[in-house]
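These notes concern the structure reproduced below.
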């Protein structure tokens, strides 16, 4: 299986600990505790200034406890030496420079940060970001409108008023390469950098399989009709804010395109030879998503076939 | 591809019409309009009493408009003759027997009803039920607590207060057969009918791929460790209330089980010969889910292999 960044289950979620507040409090202050910090969806990475290229993430130990009264705490799980792994979401008002951890690092925009993280850190940061963003947008009960509380170590919200339970969303998104003969279809949205093309994609709706959703999006966005059996390749959690990307290849019946310009700016067929040069970074006009994105791996998988 | 009930995209969702209120109002009163009725999550099916075995669904024409001021209206799409297809969700207080459509049918519990529906009706009813149940549990804005309004022909809710947009949930669930050598693992929950066994399953969490989530659930529930590459088979929308079932087969490293009794009552290994007799309905003790359920098709796919 191709290894796709962000997923990969680098830590044991040890979900049985989520209900045990005493255990969680002790684990958080254990000398082997590992704590990542996040603010406004940005992880704390090593260095003095943001935007200076790939850097590792800052992991705090039990000294993170001194920040925890101001922060939301999430128990991520146990690492491969059974050390407890947590994330703290610092409030907007948190002033890094005036804090006890001034000088340890800098909060970096998430997409930029991910490029510098190893598999463990990327999986932990992606999970934490997705959960924290969900808490930010879900402080109230959708069922009754009352304020809700965080429970189960950060993995759930509960409504005292009506009793409803709320779990973080994970929204399945079909992302697919339409192919015919020896060509594949890439599209681009208005506002993307010049020459940047990627796979078409869209949310799976209630009542659809992956394959239904992928075929519908291809029809809606580019006017192409899927035939035969869709091929599932791999999936990827994508924490912007809570997508689960489902990578697929679908054969379509014709090269004729009808572009829905409210969805994409354009779409264009590329030969396999061109796809290879795009992946190699040697295409004259076109470049593709970086290895962080599942679209990169979908295009690569197809380009490398004979 | 094995055909799995409930999905299959039997109608064109024609999502470009969702924003056009005038078109929707006209289409709803078109003479070729097709309207299914639902109440408390139950579709209206032909017959005088519920619980009397499989029956087709009742489709109303434009006369459904006389019910629409009491009901939520959902535009499902266009059928293969381009006739507009709608669903109405009737309020709890709606009294069928005292209504203008008394005698046309009966509201039937969804799982029982589905067994009697053809592919088109099952896909339409499953989609409508999932959306309507979501509306029932999501009348308020999770971001600010204000009441929200239904927009886009039933496919979205909007908050006038904070501007947040809310889309129906589709919750990915891994449902998988653990296999080793020529045996497969089925489990059962306390409270299921005697002898009923099925695949293990659980929700995908933020930060997980399908394969991560499936492996975690197998470990949590039965103590078995997945090895090698998970095999994706097919997916199914499951409207109870909004799951998207992801059918997989995973090889595991040992027959040893450690059951988490808070999740399942027990789990047990079956030989392929036994799996075949379960599918044939001739096993002495054990029976499996009906063809409506994706678990049936997962077990069948594996049982029929050489």
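Chains as they are written, first to last, in our numbering: chain U, 1115 to 1420; chain D, 1115 to 1420.
Just so it is clear, CB atoms sit at the ideal spot from N, CA and C, and this is done for glycine as well.
Note that the structure is predicted; figures quoted are calculated from it, not measured.
Does the Cβ-Cβ distance between residue 1280 (chain D) and residue 1186 (chain D) come in under 9 Å? Reading the second chain from its first residue, position 166 is the one you call residue 1280 (chain D). Reading the second chain from its first residue, position 72 is the one you call residue 1186 (chain D). No, these two residues do not count as a Cβ contact at 9 Å.
Can residue 1324 (chain D) and residue 1288 (chain D) be called in contact, C-beta distance under 9 Å? One-based indexing of the second chain puts residue 1324 (chain D) at position 210. One-based indexing of the second chain puts residue 1288 (chain D) at position 174. A contact, by the Cβ cut-off of 9 Å.
Which residues bound the beta strand (DSSP E) around residue 1376 (chain D)? In the second chain, residue 1376 (chain D) corresponds to position 262, counting from 1. Taken as a continuous stretch (DSSP letters only), residue 1376 (chain D) belongs to no beta strand (DSSP E), as it is neither H nor E.
Helix, strand or coil: how does DSSP classify residue 1263 (chain U) here? Locating residue 1263 (chain U) in the first chain gives position 149, counting from the first residue. When DSSP states are grouped into helix, strand and coil, residue 1263 (chain U) belongs to the strand group.
If you draw a straight line from the C-alpha of residue 1171 (chain U) to the C-alpha of residue 1272 (chain D), how long is it? Taking the first chain and counting its residues from 1, the one referred to as residue 1171 (chain U) is at position 57. Taking the second chain and counting its residues from 1, the one referred to as residue 1272 (chain D) is at position 158. Cα to Cα, the separation comes out at about 37 Å.
Using the beta-carbon of each residue, which ones in chain D are nearer than 7 Å to residue 1356 (chain U)? Looking up residue 1356 (chain U) in the first chain gives position 242. The contacting residues are 1320.
Residues near residue 1278 (chain U) in its chain [Cβ-Cβ closer than 6 Å; skip 5 each side]: Position 164 of the first chain, counting from 1, holds the residue named residue 1278 (chain U). So the qualifying residues of the chain are 1255, 1257.
Any alpha helix (DSSP H) of 4 or more consecutive residues that is wholly inside the region 1166-1230 of chain D: If one requires a minimum length of 4 residues, the alpha helix (DSSP H) runs lying completely within the region 1166-1230 of chain D are 1224-1228, in chain order.
Are the CB atoms of residue 1190 (chain D) and residue 1241 (chain D) within a distance shorter than 9 Å? Reading the second chain from its first residue, position 127 is the one you call residue 1241 (chain D). Reading the second chain from its first residue, position 76 is the one you call residue 1190 (chain D). Judged by beta-carbon spacing, residue 1190 (chain D) lies within the 9 Å limit of residue 1241 (chain D), meaning their Cβ atoms are closer than that value.
Between the Cα of residue 1359 (chain U) and those of U:1351, U:1192, U:1333, spot the shortest distance and give me the residue it belongs to. Mapped onto the first chain, residue 1359 (chain U) falls at position 245. Ranking the options by Cα distance to residue 1359 (chain U), first place goes to U:1351.
Check whether residue 1174 (chain U) and residue 1218 (chain U) have beta carbons under 9 Å apart: By one-based count along the first chain, residue 1174 (chain U) stands at place 60. By one-based count along the first chain, residue 1218 (chain U) stands at place 104. For residue 1174 (chain U) and residue 1218 (chain U), yes; Cβs fall inside 9 Å.
So with CB distances below 7 Å, who are the chain D contacts of residue 1334 (chain U)? In the first chain, the residue the question calls residue 1334 (chain U) occupies position 220. Chain D residues near residue 1334 (chain U): 1129.
Which residue wins for smallest C-alpha separation from residue 1149 (chain U), given the options U:1227, U:1244, U:1181? Along the first chain, one-based indexing puts residue 1149 (chain U) at 35. From the listed residues U:1227, U:1244, U:1181, the smallest Cα separation to residue 1149 (chain U) is found for U:1181.
Who are the Cβ neighbours of residue 1127 (chain U) in its own chain at under 6 Å, not counting the five residues just before and after it? Taking the first residue of the first chain as position 1, residue 1127 (chain U) is located at position 13. Counting only Cβ-Cβ distances below 6 Å, and skipping sequence neighbours, we find 1191.
Any beta carbon of chain D sitting closer than 9 Å to that of residue 1132 (chain U)? For the purposes of this step, residue 1132 (chain U) is identified with residue 18 of the first chain, where counting begins at 1. Using a CB distance cut-off of 9 Å, residue 1132 (chain U) does not count as an interface residue toward chain D.
For residue 1245 (chain U), the first and last residue of its enclosing alpha helix (DSSP H): For this step, residue 1245 (chain U) is matched to residue 131 along the first chain. Taken as a continuous stretch (DSSP letters only), the alpha helix (DSSP H) holding residue 1245 (chain U) covers 1233-1251.
As a quick exercise: from D:1265, D:1367, D:1411, pick the residue whose alpha carbon is nearest that of residue 1296 (chain D). For this step, residue 1296 (chain D) is matched to residue 182 along the second chain. If we check each option's Cα against that of residue 1296 (chain D), D:1367 comes out closest.
One or two residues paired with residue 1126 (chain U) in a DSSP bridge: As a first step, residue 1126 (chain U) must be located in the first chain, where it is residue number 12. Looking at the DSSP assignment, residue 1126 (chain U) forms a beta bridge with U:1192.
Taking the alpha carbon of residue 1270 (chain D) as the point to measure from, which residue in D:1292, D:1286, D:1247 has its own alpha carbon closest? As a working mapping, residue 1270 (chain D) is identified with position 156 in the second chain. Answer by Cα proximity: D:1247.
Can you tell me where the beta strand (DSSP E) holding residue 1352 (chain D) begins and where it ends? Numbered from 1 along the second chain, position 238 holds the residue referred to as residue 1352 (chain D). Per DSSP, residue 1352 (chain D) belongs to the beta strand (DSSP E) from 1340-1352.
With DSSP run on the structure shown, which of helix, strand or coil describes residue 1383 (chain U)? Along the first chain, read from residue 1 onward, the residue named residue 1383 (chain U) stands at position 269. Three-state result, residue 1383 (chain U): strand.
So which residues of chain U does residue 1245 (chain D) contact, with C-beta pairs closer than 7 Å? One-based indexing of the second chain puts residue 1245 (chain D) at position 131. Result: 1320.
Roughly how many angstroms separate the alpha carbons of residue 1361 (chain U) and residue 1412 (chain U), rounded to a whole number? Here residue 1361 (chain U) corresponds to residue number 247 of the first chain, with the count starting at 1. Here residue 1412 (chain U) corresponds to residue number 298 of the first chain, with the count starting at 1. When rounded, the distance between both Cα atoms is 6 Å.
Using a Cβ cut-off of 9 Å (strictly closer), state whether residue 1175 (chain D) contacts chain U. Residue 1175 (chain D) sits at position 61 when you count from the first residue of the second chain. Not an interface residue.
For residue 1154 (chain U) and residue 1396 (chain D), I'd like the C-alpha separation in whole angstroms. Within the first chain, residue 1154 (chain U) is the residue found at index 40, counting from 1. Within the second chain, residue 1396 (chain D) is the residue found at index 282, counting from 1. Rounded to the nearest angstrom, the two C-alpha atoms are 58 Å apart.
Using the DSSP secondary-structure output, state which residues sit across from residue 1361 (chain D) in a beta bridge. Here the question's residue 1361 (chain D) lines up with position 247 in the second chain. Assignment of beta-bridge partners to residue 1361 (chain D) by DSSP yields D:1289, D:1348.
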